[in-house]
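> Protein chains in written order, with our numbering: chain A, 2 to 186; chain B, 237 to 641. Note that beta-carbon positions come from the ideal geometry of N, C-alpha and C, so glycine has one too.
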Amino acid sequence: MLQIRWHSRAGQGAVTGAKALADVMARTGKYVQAYSVYGAEKRGAPMTAYDKIDDKPILDHSKWMIPDYVLVIDPSLVFQEEIVENTTDDTVFIVTSHLDKDDLLAMAKHLQGKKVYVIDAIKISQEEIGRAIPNTPMLGAFIKVSEIIPFEDFLVSIEDILSKFPKKIIEGNLRAIKRAYEEVK
Amino acid sequence: MAQKYELKSKEVWDGNMAAAHALRQAQVDVVAAYPITPSTPIVQNYAQFLADGYVDGEFVMVESEHSAMSACVGAAAAGGRVATATSSQGYALMVEVLYQASGMRLPIVMTVVNRALASPLNIHGDHSDLYLGRDAGWIHLIANNPQEAYDMTLCAFKIAEDERVRLPVTTNQDGFLVSHTAQVVKPLQDEDAYKFIGEYKPLNPMLDTKNPVTYGAQTEEEWHFEHKANQHKALMDSPAVIKEVFDEFEKISGRKYNLVETYKLDDADIALVLMGSAYETAILAVDKAREEGIKVGLLMPRVFRPFPYNEVAEKLKNVKAVAALDRSAPMGTTGALYNEVAGALAANGQSAIMTNYIYGLGGRDTTVEHILDVIKETNENAKAGKRVTDLQGFINLRGPKLSFN
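1. What residue from Thr450(B), Gln467(B), Pro441(B) and Arg538(B) has the CA that sits closest to Tyr493(B)'s CA?
2. Can Lys422(B) and Ser245(B) be called in contact, C-beta distance under 8 Å?
3. On a CA-only basis, which of Ala392(B), Asp426(B) and Gly339(B) is nearest Ile478(B)? Give me that one, please.
4. Could you pull the DSSP bridge partners for Ala35(A) from this structure?
5. Can you list, in chain order, the residues of its chain with a C-beta nearer than 8 Å to that of Val420(B)? Leave out the 5 residues immediately preceding and following it.
6. Go to His463(B), then tell me how far its alpha helix (DSSP H) extends in each direction, as first and last residue.
7. For Lys165(A), return the contacting residues in chain B, with the cut-off set at a CB-CB distance below 9 Å.
8. From this set, Gly316(B), Leu353(B), Arg317(B) and Val309(B), which residue's C-alpha is nearest Glu332(B)'s C-alpha?
9. Assign Arg402(B) to one of three DSSP states: helix, strand, or coil.
10. Could you pull out every residue in the same chain whose Cβ sits closer than 8 Å to the Cβ of Gly40(A), ignoring the five residues on either side in sequence?
11. Taking 8 Å as the threshold, find out whether the stretch 570-584 of chain B comes into contact with the stretch 15-34 of chain A through three or more Cβ pairs.
12. Do you know how far the Cα of Gln284(B) is from the Cα of Lys240(B)?
13. State the beta-bridge partners of Thr591(B) as determined by DSSP.
14. Spatial neighbours of Leu243(B) within its chain, please: C-beta separation below 7 Å, excluding the five flanking residues on both sides.
15. With a cut-off of 8 Å, does the C-beta of Asp24(A) fall near any C-beta of chain B?
16. Does the contact criterion of 3 or more C-beta pairs under 8 Å hold for the stretch 459-474 of chain B versus the stretch 504-519 of chain B?
17. Sort Leu368(B), Leu286(B), Tyr290(B) and Tyr386(B) by Cα distance to Val345(B) and report the nearest one.
18. Looking at chain A, is there any beta carbon in it that lies within less than 8 Å of the beta carbon of Ile272(B)?
19. Could you tell me whether any Cβ in chain A is nearer than 8 Å to the Cβ of Leu510(B)?
20. Which residue marks the beginning of the beta strand (DSSP E) containing Glu299(B), and which one marks its end?
21. Please report the distance separating the alpha-carbon of Leu342(B) from that of Glu397(B).
22. Have a look at Thr569(B), Arg317(B) and Tyr270(B) and flag the residue whose alpha-carbon is nearest the alpha-carbon of Lys437(B).
23. With a threshold of 8 Å between beta-carbons, can Phe412(B) be considered close to chain A, or not?
24. Starting from Gln336(B), trace the alpha helix (DSSP H) both ways and give me its first and last residue.
25. Could you work out which residues of chain A lie near Thr602(B), taking near to mean beta carbons separated by less than 9 Å?
26. Considering only the alpha carbon of each residue, which of Tyr270(B), Ala354(B) and Ala314(B) lies closest to Met305(B)?
27. Using a cut-off of 8 Å between C-beta atoms, extract the partners of Ser37(A) located in chain B.
28. Using a Cβ cut-off of 9 Å, pull out every chain B residue sitting near Val119(A), in sequence order please.
29. Within the same chain, show all residues whose beta-carbon is closer than 7 Å to that of Ala429(B), passing over the 5 residues directly before and after it, in chain order.
30. Over the uninterrupted alpha helix (DSSP H) stretch that includes Glu516(B), give me the two end residues.
31. What does Thr498(B) reach in chain A if we use C-beta pairs closer than 8 Å?
32. Is the distance from the Cβ of Leu377(B) to the Cβ of Ser474(B) below 8 Å?
33. Which whole-angstrom value is the C-beta distance of Tyr499(B) and Met340(B), which I expect to be below 8 Å?
34. Under a CB-based cut-off of 8 Å, is Val73(A) close to chain B?
35. Starting from Arg541(B), trace the alpha helix (DSSP H) in both directions and tell me its first and last residue.
36. Please list the partners that Tyr32(A) has in chain B, where partner means a Cβ-to-Cβ separation under 9 Å.
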């Protein structure tokens, strides 16, 4: 089973992102769970969302997991040590930051020795979508790093999932996803 | 005429979306509701379906849950198919009217997303609201995942409206763990779902003014008892209809439901009894325990009321020890599921060693490892041939160990 934990602030779209990824993977025949841990939170409060992806039905309804991937879509949460909780040496971190990896690791010491990829998902979403909703660019970065499905297949599914939105929003998200796919490192 | 909703053979829905689609497909005449976390999206999604032209019925916004259930009672007595949704404090505020609905034999369907009761305030899942409505005269069906939340809601209409039953039904799903967890759901197409439920057949509708009827009359000591006994008999007789509906549902969906669900119970020495999403988590714990040589099985009443006590006893007749896990604060005694199972065993002359565990209150996480610990303790009782563990234990409770004997 592949397990993914998102770190976000309420309102940045982690729940939507987690559900979109689950939807994409379900279309490939996988079983999925997408959920989040809610407090009585306000917009801007730190929160976590989760994806589980497996070849068989997912029965575990506990919230606890050892993530294979940690996706941090808020640049300030990168500096909180909670993002490394319950992770292993093999856990892959994809984090949002305007810093390059070396400068980031010098400050975020808890990430030193971890497998870390950096993408400026905030800047990309602001420039391509017009709002700081970094969830879809993070998905583009995740697909690049994980190689979980071919990027072209991902684009077909995500375009269909976004189809309820206006054309301008869909196109902005697709540009953001493609740019993050290219820029993550 | 409502528009047809295009559904894929597999959707990724959370439990709330699944329940909302079941309500839409049932072509409910009146939904009266007052949204409350975590069931809010059921009402919200349903209102969106209505605004988008996928629903023909009325959606009545009211000022409280007491009014919501009162409006449901009125609409059902008038002769319509009626549904609502609620959780927790909203459920509590409805309780007075829940008894009215069942006493008037109105086949209302309520999709409940189970949540803790205050105080302290908590929005997360446990079975406090389900247990609060236990004696209200409703049929209570349990769903463990979004697929089951959808399936049980479709079945609920058919069970409630059967002329041999004519009782209100709740479908129950765990707050957040099911209601806000997106999983793969295989829905029926709209026409298949509606054909399964069937056209609503009004019985003694108040809007049939040529045949005036009275609902909610007063009966004192000369007739009240007979009415209540009659109502109880309808509940006690309903399992035959529930089984028929489950069988018919299997024919169109391929998914089989039973009054009592079991997992690896046939050759088991010990059993755990629990309801809700933790039943599925416990399946993984059973598989782990069996790798360690512990022959353990699981049992879940799919139907909490009417409680299938003889079926429960029959399924547990060969086990030596049983742990009943309650997801509600028992407040002064053993948990309700423990009491039901103990009563079922006693009624059938069975004497498995019984223990009770309280877990998951207010959404406290319950993992495979936690349940594995319960299995190991229960196995100690079976091996000793008597109870050597605490009568009532608490799973994943912080602070010093709490137990009662």
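The structure says:
1. Locating residue 493(B) in the second sequence gives position 257, where the first residue counts as 1. The candidate whose alpha carbon is nearest that of Tyr493(B) is Arg538(B).
2. The count along the second sequence starts at 1 and reaches residue 422(B) at position 186. The count along the second sequence starts at 1 and reaches residue 245(B) at position 9. Yes, they are a contact pair.
3. On the second sequence, residue 478(B) is found 242 positions in, with the first residue counted as 1. Minimum Cα distance to Ile478(B) is reached at Ala392(B).
4. Stepping through the first sequence from its first residue, residue 35(A) is reached at position 34. DSSP, once it has assigned bridges, lists Asp52(A) and Ala418(B) as partnering Ala35(A).
5. Stepping through the second sequence from its first residue, residue 420(B) is reached at position 184. Close CB contacts of Val420(B) within its chain, under the 8 Å cut and outside five residues either way in sequence, are with Lys246, Glu247, Val248 and Gln383 (chain order).
6. On the second sequence, position 227 is the one that residue 463(B) refers to. Unbroken alpha helix (DSSP H) run through His463(B): His460 to Ser489.
7. Residue 165(A) sits at position 164 when you count from the first residue of the first sequence. Neighbours of Lys165(A) on chain B: none; closest Cβ ~11 Å, over 9 Å.
8. Within the second sequence, the letter at position 96 stands for residue 332(B). Cα-wise, what sits closest to Glu332(B) is Val309(B).
9. Position 166 of the second sequence, counted from the first residue, corresponds to residue 402(B). Correct three-state label for Arg402(B): coil.
10. Along the first sequence, read from residue 1 onward, the residue named residue 40(A) stands at position 39. Taken in chain order, the residues that qualify are Ala46 and Met48.
11. The stretch 570-584 of chain B is not in contact with the stretch 15-34 of chain A.
12. Here the question's residue 240(B) lines up with position 4 in the second sequence. Here the question's residue 284(B) lines up with position 48 in the second sequence. Distance between the alpha carbons of Lys240(B) and Gln284(B) is about 14 Å.
13. Along the second sequence, one-based indexing puts residue 591(B) at 355. DSSP output for Thr591(B) lists Ala559(B) as bridge partner(s).
14. Here residue 243(B) refers to the residue found at position 7 when the second sequence is read from its first residue. These residues qualify, in order along the chain: Pro423 and Gln425.
15. As a first step, residue 24(A) must be located in the first sequence, where it is residue number 23. Closer than 8 Å: yes.
16. no
17. Here residue 345(B) corresponds to residue number 109 of the second sequence, with the count starting at 1. Ranking the options by Cα distance to Val345(B), first place goes to Tyr386(B).
18. Reading the second sequence from its first residue, position 36 is the one you call residue 272(B). For Ile272(B), the nearest beta carbon of chain A is not closer than 8 Å to its own beta carbon.
19. Position 274 of the second sequence, counted from the start, is the residue given in the question as residue 510(B). Among the residues facing chain A, Leu510(B) is not included, as its CB has no counterpart in that chain under 8 Å away.
20. Looking up residue 299(B) in the second sequence gives position 63. Here Glu299(B) belongs to no beta strand (DSSP E), and DSSP marks it neither H nor E.
21. Stepping through the second sequence from its first residue, residue 342(B) is reached at position 106. Stepping through the second sequence from its first residue, residue 397(B) is reached at position 161. If you take the alpha carbons of Leu342(B) and Glu397(B), they lie about 8 Å apart.
22. As a position in the second sequence, residue 437(B) is number 201, starting the count at 1. Among Thr569(B), Arg317(B) and Tyr270(B), the Cα nearest to that of Lys437(B) is on Arg317(B).
23. The sequence position of residue 412(B) within the second sequence is 176, counting from 1. Yes, Phe412(B) counts as interfacial toward chain A.
24. What you label residue 336(B) is simply residue 100 of the second sequence in a count that begins at 1. Run containing Gln336(B): Ser324 to Gly339, per the alpha helix (DSSP H) assignment.
25. What you label residue 602(B) is simply residue 366 of the second sequence in a count that begins at 1. Correct list: His62 and Ser63.
26. Taking the first residue of the second sequence as position 1, residue 305(B) is located at position 69. If we check each option's Cα against that of Met305(B), Tyr270(B) comes out closest.
27. The sequence position of residue 37(A) within the first sequence is 36, counting from 1. Here the neighbours are His416.
28. Along the first sequence, one-based indexing puts residue 119(A) at 118. Chain order gives no chain B residues near Val119(A), where near means a beta carbon separation below 9 Å; the closest approach is about 28 Å.
29. In the second sequence, counting from the first residue as 1, residue 429(B) sits at position 193. Gln261 and Leu390, listed in sequence order.
30. In the second sequence, counting from the first residue as 1, residue 516(B) sits at position 280. Run containing Glu516(B): Ser513 to Glu527, per the alpha helix (DSSP H) assignment.
31. By one-based count along the second sequence, residue 498(B) stands at place 262. Here the premise fails: no neighbours, minimum Cβ distance about 15 Å.
32. Within the second sequence, the letter at position 141 stands for residue 377(B). Within the second sequence, the letter at position 238 stands for residue 474(B). No; because the gap between Cβ atoms is not below 8 Å, this pair is not in contact.
33. Residue numbering aside, residue 499(B) sits at position 263 when the second sequence is read from its first letter. Residue numbering aside, residue 340(B) sits at position 104 when the second sequence is read from its first letter. Between Tyr499(B) and Met340(B), the beta carbon gap of about 38 Å keeps them out of contact (Cβ cut-off 8 Å).
34. As a first step, residue 73(A) is located in the first sequence; it is residue number 72 there, counting from the start. So, not an interface residue.
35. The residue given as residue 541(B) occupies position 305 in the second sequence. Run containing Arg541(B): none in the alpha helix (DSSP H); it sits in the beta strand (DSSP E), Val539 to Arg541.
36. To locate residue 32(A), count along the first sequence from 1; it is residue 31. Contacts between Tyr32(A) and chain B, judged by CB atoms closer than 9 Å, involve Gln419 and Val420 in chain order.
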